[in-house]
Amino acid sequence: MRSLLILTALCFSIAVKAQTADTTIKNVKLIAADSLEKKMKQPGAFTDFEHPPQFPGGHQEFAKYLMANLRYPAESYSKRIQGRVILSMIVEKDGTVDEVKIVKGVADDIDREAIRVLSNSPKWLPGVQKGQPVRVRYAVPLNFAL
């Protein structure tokens, strides 16, 4: 009887240890940045432009990039913290992403992850004003949902 109890406890502990949490982001929802314009005004960066900056391949490719690279922070995942992080960034004339900042955050670890993934994104297609590439302040909302 004692052996059976030990064997059962051992099997249970192995099964529990083998379970891992899936921390990948399943859904990415993008919203228009127009409503954030007042919060993001900054000298030297356009907020009105003929053609906005764009991730190479458009919104669908940006969503794929986010799903492949964004990871739900373990602490927020275990605490079931969810929400929308709104970031602002500068897309430079050469397409590089710079000055990524939180406009509205959720939790420190989620905010850091959102900044990390945007800061590491590949070069964007720059915004255009009067036929010339321009430095543009751009807003990006990211939903973290379980």
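Quick note on numbering: the sequence shown equals residues -18 to -1, 1 to 128 in mature numbering (1 follows the signal peptide of the UniProt record, and there is no 0). We put the beta carbon where it would ideally sit given N, CA and C, even for glycine. As the structure is a prediction and not an experimental result, all values here were calculated from the model.
Tell me the rounded alpha-carbon separation between residue 102 and residue 84. Taking the sequence shown and counting its residues from 1, one reaches residue 102 at position 120. Taking the sequence shown and counting its residues from 1, one reaches residue 84 at position 102. Computed Cα separation, rounded: 15 Å.
What does residue 206 pair with, by DSSP beta-bridge criteria? Here the chain has residues from -18 to 128 only, and residue 206 is not among them.
Look at the alpha carbon of residue 126 and the alpha carbon of residue 61, and state the distance between them as a whole number of angstroms. Here residue 126 refers to the residue found at position 144 when the sequence shown is read from its first residue. Here residue 61 refers to the residue found at position 79 when the sequence shown is read from its first residue. One C-alpha to the other measures close to 13 Å.
For the alpha helix (DSSP H) containing residue 63, name the first residue and the last one. In the sequence shown, counting from the first residue as 1, residue 63 sits at position 81. Run containing residue 63: none; DSSP gives neither H nor E here.
Can you name the start and end residues of the alpha helix (DSSP H) that residue 37 belongs to? Residue 37 sits at position 55 when you count from the first residue of the sequence shown. Boundaries cannot be given for residue 37, as no alpha helix (DSSP H) includes it and DSSP labels it neither H nor E.
C-alpha distance - residue 79 paired with residue 105, whole-angstrom precision: Taking the sequence shown and counting its residues from 1, one reaches residue 79 at position 97. Taking the sequence shown and counting its residues from 1, one reaches residue 105 at position 123. Cα to Cα, the separation comes out at about 7 Å.
Our contact map puts residue 81 next to residue 72 with C-beta atoms below 8 Å; I'd like the distance itself, whole angstroms only. Mapped onto the sequence shown, residue 81 falls at position 99. Mapped onto the sequence shown, residue 72 falls at position 90. Between residue 72 and residue 81 the Cβ distance is about 4 Å, and since that is below 8 Å, they are a contact.
What residues are listed by DSSP as bridge partners for residue 122? The sequence position of residue 122 within the sequence shown is 140, counting from 1. Here residue 122 is bridged, per DSSP, to 69.
Figure out for me which residue from 100, 110, 116 and 112 has the closest Cα to the Cα of residue 122. Taking the first residue of the sequence shown as position 1, residue 122 is located at position 140. Out of 100, 110, 116 and 112, 100 has the C-alpha closest to the C-alpha of residue 122.
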